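>
Residue numbers (my numbering): 66 to 228.
1) Given this structure, state the Cα-to-Cα distance separating residue 75 from residue 67, to the nearest angstrom.
2) Using alpha carbons as the reference points, say which of 98, 107, 92 and 215 lies closest to residue 204.
3) Let's test the definition: count the other Cβ atoms within 10 Å of the Cβ of residue 184 and tell me whether it reaches 16, buried, or not, exposed.
4) Start and end of the alpha helix (DSSP H) containing residue 129?
5) Is the separation between the beta-carbon of residue 171 and that of residue 129 shorter than 8 Å?
6) Which one or two residues does DSSP pair with residue 221 in a beta bridge?
7) Could you check whether the Cβ of residue 166 sits closer than 8 Å to any Cβ belonging to chain D?
8) Ignore the nearest five residues each way along the sequence and tell me which others in residue 146's own chain have a CB closer than 7 Å to its CB.
Put into structure tokens, the structure is as follows:
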């Protein structure tokens, strides 16, 4: 009488095939997740530009606000307003938004950093972002975001992001 079912060799072949497929698919899925996180961070940086313009024209009385003030004014959602550290990150990124004290003119800076920088299994992004009152978003491919000089506003440590 012939037994029904799979032999041990057939089961091992299926397991090997599944392993090969997983080895190909998992890195691509992780790269897609990092790309989605970076797209979300770029979108949030654009939101900061419009939120700061609105804040300055309304409740700020000519001044720019920090991230908490923008959140309290309802110009950014509470998830973004609370994403100020790696443990509270939104879509793998955390943010810092702050006005810059300058006697000549009001300025502001915003940065976005991945909660886990890198391409490993837990990496949430491979770029950091910066923007300011100019509305131009800059990126850096290292863990330190670009920055601007407080007086002449020249941005260093990054390249402009192409729209």
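Where a beta carbon is used, it is the ideal one built from N, C-alpha and C, also for glycine.
The structure presented is a predicted model; accordingly, all values stated were derived computationally and were not measured.
From the atom records:
1) Going from the Cα of residue 75 to the Cα of residue 67 covers about 16 Å.
2) 107
3) exposed
4) Here residue 129 belongs to no alpha helix (DSSP H), and DSSP marks it neither H nor E.
5) yes
6) Residue 221 pairs with 212.
7) The chain labelled as chain D is not found in the depicted structure, where only one protein chain is given.
8) 132, 133, 135 and 136
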